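*Asks:*
Protein chains in written order, with the UniProt record's numbering: chain A, 1 to 496; chain B, 1 to 496.
1) From residue 328 (chain B) to residue 278 (chain B), what does the alpha carbon distance come to, in whole angstroms?
2) So that I know if they touch, is there some Cβ in chain A lying closer than 9 Å to that of residue 60 (chain B)?
3) Does the Cβ of residue 299 (chain B) have 16 or more other Cβ atoms within 10 Å, making it buried, or fewer, making it exposed?
4) May I ask you to report which of helix, strand or coil DSSP gives residue 80 (chain B)?
5) Of the residues that make up the stretch 215-227 of chain B, which ones have a beta carbon closer than 9 Å to any beta carbon in chain A?
6) Under 8 Å: do the stretch 233-251 of chain A and the stretch 182-196 of chain A share three or more Cβ pairs, one atom per stretch?
7) Residue 158 (chain A): which of B:127, B:276, B:10 and B:115 sits nearest, CA to CA?
8) Which residues in chain B have a C-beta closer than 8 Å to the C-beta of residue 425 (chain A)? List them in chain order.
9) So with CB distances below 8 Å, who are the chain B contacts of residue 317 (chain A)?
10) Indicate whether residue 407 (chain A) and residue 179 (chain A) have their beta-carbon atoms separated by less than 9 Å.
11) Looking only at DSSP bridge pairs, what is residue 253 (chain A) linked to?
12) List the residues of chain B that residue 449 (chain A) touches, going by C-beta distances under 7 Å, in chain order.
13) Which class does residue 138 (chain B) belong to by DSSP, given the choice of helix, strand or coil?
14) Buried or exposed, going by whether 16 or more other CB atoms sit within 10 Å of the CB of residue 333 (chain B)?
15) For chain B, is any of its Cβ atoms less than 9 Å away from the one on residue 191 (chain A)?
16) Say whether the stretch 285-302 of chain A touches the stretch 354-371 of chain A, bearing in mind that this needs 3 or more beta-carbon pairs closer than 8 Å, one atom from each stretch.
17) Quick one: does residue 213 (chain A) have its CB under 9 Å from some CB of chain B?
18) Could you pull the DSSP bridge partners for residue 471 (chain A) from this structure?
19) Which of the three DSSP states, helix, strand or coil, is assigned to residue 466 (chain A)?
20) Residue 446 (chain A) versus chain B: which residues are under 8 Å apart at the beta carbon?
21) Exposed or buried, which one is residue 89 (chain A) when buried takes at least 16 other CB atoms within 10 Å?
22) Taking 8 Å as the threshold, find out whether the stretch 203-221 of chain A comes into contact with the stretch 83-97 of chain A through three or more Cβ pairs.
23) Considering Cα atoms alone, identify which of B:301, B:306, B:370 and B:103 is closest to residue 419 (chain B).
24) Between which two residues does the alpha helix (DSSP H) carrying residue 263 (chain B) extend?
25) Quick one: list the residues of chain A neighbouring residue 443 (chain B), beta-carbon separation under 8 Å, in chain order.
26) In chain B, which residues lie with their C-beta within 9 Å of the C-beta of residue 86 (chain A)?
27) Given a threshold of 16 other Cβ atoms within 10 Å of its Cβ, counted over all protein chains shown, does residue 63 (chain A) qualify as buried or as exposed?
28) Verify the CB distance criterion: does residue 528 (chain B) have a CB-CB separation below 9 Å to chain A?
29) Going by DSSP in three states, residue 163 (chain B) sits in which element: helix, strand or coil?
30) Please report how far the alpha carbon of residue 514 (chain A) lies from the alpha carbon of residue 321 (chain A), in whole angstroms.
31) Can you name the residues of chain B whose CB is closer than 7 Å to the CB of residue 490 (chain A)?
32) So that I know if they touch, is there some Cβ in chain A lying closer than 9 Å to that of residue 207 (chain B)?
33) So, under 8 Å CB-CB, residue 480 (chain B) and residue 379 (chain A) are touching, yes? Tell me the CB distance rounded to an integer number of Å.
34) Would you say residue 156 (chain A) lies against chain B (beta-carbon separation less than 9 Å)?
35) Could you please tell me which residues of the stretch 81-109 of chain A, in chain order, have their CB closer than 8 Å to any CB of chain B?
36) Quick check on the burial criterion: 16 or more other C-beta atoms within 10 angstroms. Buried or exposed for residue 48 (chain B)?
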């Protein structure tokens, strides 16, 4: 870019950069002065032990599991209840300080980076499970409660919460990023499973998206605020409670592994199983690079070919029928016999291996970091996009094993990249853009479950168009007129 | 109220009413002048044959199937494509004319009444079914396409669209009111089944809520605009296309009728069937008053006691298992043997009788009109609320047979009322308010599927609280700053 400019343009550009730099520096100075001013107010709200200015703590709260660089907040607060969250938010609002909600830091799109500094609200101290209604299949949890903690709590009730993104994320964080994962093909994503939210807005106002304590299975009462906050990535408010739909633990579960001679055969089987209406609980694809990495990382010995991990839930009898149909289909596509995982321990080992794919991929190149793509396309386009993407990976000489929730048309290339090699980083960036555009050209989306965060803001605009972006910006302005809530995420307005 | 005022207050109140009246009259005069001015622009956009000022046409477009009185628009336009909708909206916007979208007029909450006059956009001429993707289980339809028309079109594809509110409503209208009905317990409501919308905003801007032509099974790309417009009742924009999720026609279906000695026994059976995890497709409750009315209206002869209509979908084998479990439960609650409806014709007759409940109720008192309540509560609260409500009906001496989608906790009292008896109307009003508050006290909602429209605006405020209402009002202001889109619905801002 720079080299294409005339000398006078270069000068102009340099001057513009200097003005920007001065503005940012002034902004930073003003913000840090504001932080100093509010500390005593923070202390009187949540006690001095629940406020941290330490560098290590701030750095820990400035990054998630993605390659996005750490952007530490100016201060981290650890409120203990919604009243404290509200009072702290009000102070931030009065002093124009950015507010960044923090759950477990297991996001994958840089969602917690304090790109404009400000106050990180770490919600781990609010970890109560409230109002379990086993007879109505619902429960309400505070933001410090993780997926695994909830399922451990539910162990003896015959109920479970199935949405499973792999990481032991906080449930309110999962609501904020509209997470899903391996079970979504059967049980839906957070969008279908959040019934109500308590949210603190940037000015400290506390709302309940469906009304306080309400939990009907369906409602047509006014605008669907619940699903506006689900997937809002902390940019509209701080989620301080979420009411979730629960499910009965199935009478029987069985998992199976099936190897295929080609990607096409594995993905064709997936599409056909879905089309036949088998209510499959999980159907996960791993390409030969991925299965090889998992074999090594988790001490397994599956054939190194494109593979499906499947899971069936139901009564003993319905399971038999589901399995028979699925096996018939995989065999007609030259799949291997199913390798079974019937008891809980073997099943858990299998799915742990699948969920450890992220670490298995990283282990392929020690010292490197992983970045996951996240496109999602209509089912029928899956074979073509996966085949084209594997070709692209080969041609680009990039390491990117593929794992995916193919039952939803969603798959990830786990790009393993040397963070100190700018050329490789650039190649990965170009590859992920090509992949996203390939998905967009096939009626798909650039993000099926990870969210937009920092890295996909430009792609979001390509995906929904500038007019829908304007509408989104209008909603943001309406709920957060000072742009204090997690600024710089989802929408692009010069906050880089 | 009036009688409680002091004489000077009465005078003040009278003067206020006169000022209001004068303002409304001035507003009406100005609006009618504006309508006169825009007619030639309308004609040049959609041709003179697609504009109607006739009284009969206007009256037909000023009311739905509810008791809300007819509020005819000033003019009805019949655009033929999204470009015409957009151009017409722009003209309305430039002249501050209210815009009221109209599908089939089968709503139940007065949603189409032109309470501030303006232009009714009747969308029946846009009736194309577009982009059927059988392999991906999705289709896109224009707003003139009804539920039955789509299912007729799909007849030979092995696919169907299950959401079924009874009436042959337009699918875009169903999206606008967040409709559901008898199949929601298995297949979800419009919220779960709309994948994308094309929407014309009040200023004529056309957006696609998930991006043009996109149809991935899941997405985390930005704010969930799709579910903001689903259920917005025409107050945020005009839905001109909806992309819907389709389902495979089940291998086998069977319906059954079961009579019970008491309401409690019927509703307990429902709750237990759901809790056991039977994937029941429909489970409808009719109280003894309702079944009696249906027997008479549809020439049936079911025992006049609380009754469940059930339907099971699945493979032949899974059906057997579902039915056995359900029968075991109903029999343990003293239910009768199942009366079967196995072939398509008998099943259709059964469900037609259920869907004709509305007319059957009206036939109980010829010359009267029906008004349907629509509360929805958590499953476990159903027995109590239905028993209390029946007691209330008896004590209030009101006719209100009960029919409901009890699998979702949603039921309707079909209030049959003499529209010329102000005392009875008042009694019905008081009863419906008591019922709604009973539902709110049980963590429920005042509307499970009919929407807020005109009659439930105050109850919505009680349900979600004034702060959530403020948020909703902010969203409305952001999308429709001139308050032109279907003014006076959902939110109350003096437009009565």
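The C-beta atom is built at its ideal place from N, Cα and C for all residues, glycine as well. Just so we're clear, the structure is a prediction, and the values are computed from it rather than from any experiment.
*Replies:* Here's the rundown:
1) 12 Å
2) no
3) exposed
4) coil
5) 215, 216, 217, 218, 219, 220, 221, 222, 223, 224, 225, 226 and 227
6) yes
7) B:276
8) The premise fails here: residue 425 (chain A) is roughly 24 Å from chain B at the closest Cβ pair, so nothing lies under 8 Å.
9) 317, 318 and 321
10) no
11) A:313
12) 218 and 220
13) strand
14) buried
15) yes
16) yes
17) yes
18) Beta-bridge pairing links residue 471 (chain A) to no other residue.
19) helix
20) 221
21) buried
22) yes
23) B:370
24) 263-275
25) 213, 214, 215 and 216
26) None at all; the shortest Cβ gap to chain B is about 11 Å.
27) buried
28) Because chain B spans 1 through 496 in this model, residue 528 (chain B) falls outside it and cannot be assessed.
29) coil
30) The structure shown does not extend to residue 514 (chain A), since chain A is modelled only from 1 to 496, so the question has no answer here.
31) 222
32) yes
33) At roughly 36 Å, the Cβ-Cβ gap does not stay under 8 Å, so residue 480 (chain B) and residue 379 (chain A) are not in contact.
34) no
35) none
36) exposed
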